[in-house]
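What follows is a short report on a single structure.
Numbering (the numbering used here), first residue to last: 72 to 479.
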C-alpha cells in the first residue's frame, strides 16, 4: 500500500516527532511511505533519519509581509482594533483576509499538491496536520484521506468545508475529539489513537548523577524541569513565577527550562531570562536550549512540570517523563488530564494557577516516597496505554480497514 504523508507545518514539534516514530516501525513490505513537506520544514532531517523518501515543495506563493504588517498595526492601534477585530467590520475583515489567502496561497498550493499526488499515485493520502489545501488536492485527485487532528485551535471555513471529504480522522486525545466535534468534525468518522513512545531508549538510562554530569548540572540539588517549545501558550513564564514560590519554600531547588523558540516566538523567548532575573532566579534557573537526548535529560531531573496555559492537545513530554519514572505535574485539562492519573502518576493543578503549580511541585519535592511511587506507576501507565507498538498497530488496523473499503 503506497501512502503519501503530507505535513505542511514548519516546526519540529510533536506532530513531526509522532510521524517519524510511526514511520520507523511501519512494515515496508506492506506499506511504502513517502513524505511531502514544506520546503522550509525543520522536520526533514528527522524523517530522513528513519529511511523514508522525503520530497518538498514551497507552500507560500505570495509575499505576505505587507499583509502581516498591516494586521499587526491594526492589533496595536486601539480604535482600529475595535473597528476591524472586535467591531462591525470584524466579520467582513476576516472574510476578506480568508479570500486573499485562498486566492494567493491556498489555491496555488492546492494545484501543486494535486500535481504531486497525481504523479506519485498513492493508494492513500495521510494528512499529518489538517490543511485545506492538502484535503482539497487529495479529493481532486480521487484519493482516500486519513487526517490527523492534533491542534486545539478553531478550524478555518475552508478546513471545515474540505473536512467533509475525509474518510477517517485520527484524534490524538479524547479532548481533541470533543473539541473538534464543536467544529463540525463528524465523530462517526473519527478514531481515538493516542500518540506512542518508543520505550527502548528509556530501558537503560544513566543514573541521576551520571546524567547530570553529562549535562553539566548541579549534583546535589533537586531539579525541576519544564520542557517544550518556547512559545507563549506553553507557559514558561508561569513556570518562572511558580519557581519563585518554590525557591522561597525550598531554597536549594534548581529549575531547568528546556527548549527553543519558534520563529514567531523569539520575542517571548528573549524575555524569559529577563523575567527570571527580575524574579531573583538568575542563579536558580538555567535555560538549556534544545536538547536532542530527551531520555538523558529526563534521567537528570527529579520531576517535570508541564505549564501550558491553553489546553494541550496531547502532551508528549508527559509520557517521556513518565517513561523515565519521573513524577509529573500538569494542568488538569486537555490531553494532560488523560495522560496523568491524578494522585497516582502525578498531580494535576488548575490551569494557569501559579500557586497551585508551586504547591504541587513542593509536595513532590518533599515527599520522596510519593514521588518514587508516582514515577514507577507512571512508567507502567505509559507501557499500558502509550507504547509505540500500540500506536503503530492501531494505525495499521486503520489503513487496512480503509484499504478493504476501497477495494469492496
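We put the CB at the ideal spot given by N, CA and C, even for glycine.
Quick check on DSSP: helix, strand or coil for residue 181? helix
Straight-line CA distance for residue 137 to residue 176? Because residue 137 carries a pLDDT of 37, less than 50, the predicted location of this residue cannot be relied on, and the following value inherits that uncertainty. Those two C-alpha atoms are separated by around 14 Å.
Tell me whether residue 98 is buried or exposed, calling it buried when 16 or more other Cβ atoms sit within 10 Å of its Cβ. exposed
Do you know how far the Cα of residue 309 is from the Cα of residue 422? 10 Å
Can you tell me the Cα-Cα spacing of residue 89 and residue 267, whole angstroms? 7 Å
Is residue 78 helix, strand or coil by DSSP? strand
Count Cβ pairs between the segment 367 to 385 and the segment 348 to 358 that sit closer than 8 Å; are there 3 or more? no
CB residue 79 to CB residue 205, shorter than 8 Å? yes
Can you have a look at residue 146 and say buried or exposed, based on whether 16 or more other CB atoms are within 10 angstroms of its CB? Any reading at residue 146 is ruled out, since the residue's pLDDT is 44, under 50, leaving its predicted position unreliable.
Going straight from the alpha carbon of residue 460 to that of residue 345, what length do you get? 43 Å
Check residue 102 in the structure and name its three-state DSSP category. coil
Could you say which of 280, 219, 270, 290 lies nearest to residue 260 if we only look at CA atoms? 219
What first and last residue would you give for the alpha helix (DSSP H) that runs through residue 354? No alpha helix (DSSP H) holds residue 354; DSSP gives it neither H nor E.
Closest by CA to residue 292, which one among 194, 244, 354, 443? 354
Express the C-alpha separation of residue 72 and residue 203 in angstroms, rounding to a whole number. 24 Å
Report buried or exposed for residue 426, applying the criterion of at least 16 other Cβ atoms within 10 angstroms of its Cβ. exposed
Throw me the rounded Cβ distance for the residue 340 and residue 332 pair, which I believe falls under 8 Å. 4 Å
Sufficient close CB pairs (3 or more, under 8 Å) joining the segment 284 to 300 to the segment 310 to 329: yes
Check each candidate in 367, 265, 243, 321 and name the one with the smallest Cα separation from residue 277. 367
Assuming residue 335 and residue 289 are in contact, meaning their beta carbons sit under 8 Å apart, how far apart are those beta carbons, in whole angstroms? Not confirmed; about 33 Å, so no contact.
Endpoints, beta strand (DSSP E) assigned at residue 242: 239 to 242
Using a Cβ-Cβ cut-off of 8 Å (strictly less than) and excluding sequence neighbours within five positions of residue 262, which residues of its own chain qualify? 239, 240, 241, 242, 465, 469
Sheet register partners of residue 326 (DSSP bridge): 295, 356
Return the residue from the list 279, 463, 222, 424 that minimises the CA-CA distance to residue 372. 279
Go ahead and label residue 402 buried or exposed: buried means 16 or more other beta carbons lie within 10 angstroms of its beta carbon, across all protein chains shown. buried
Candidates 364, 221, 248: which alpha carbon is nearest residue 273's? 364
Residue span of the alpha helix (DSSP H) that contains residue 94, given as start and end: 85 to 96
Using the rule of at least 16 other Cβ atoms within 10 Å of the residue's Cβ for burial, across every protein chain shown, is residue 140 buried or exposed? Note on residue 140: pLDDT 42, under 50, position unreliable in the model; the coordinate value appears next. Exposed, since its Cβ has fewer than 16 Cβ neighbours within 10 Å.
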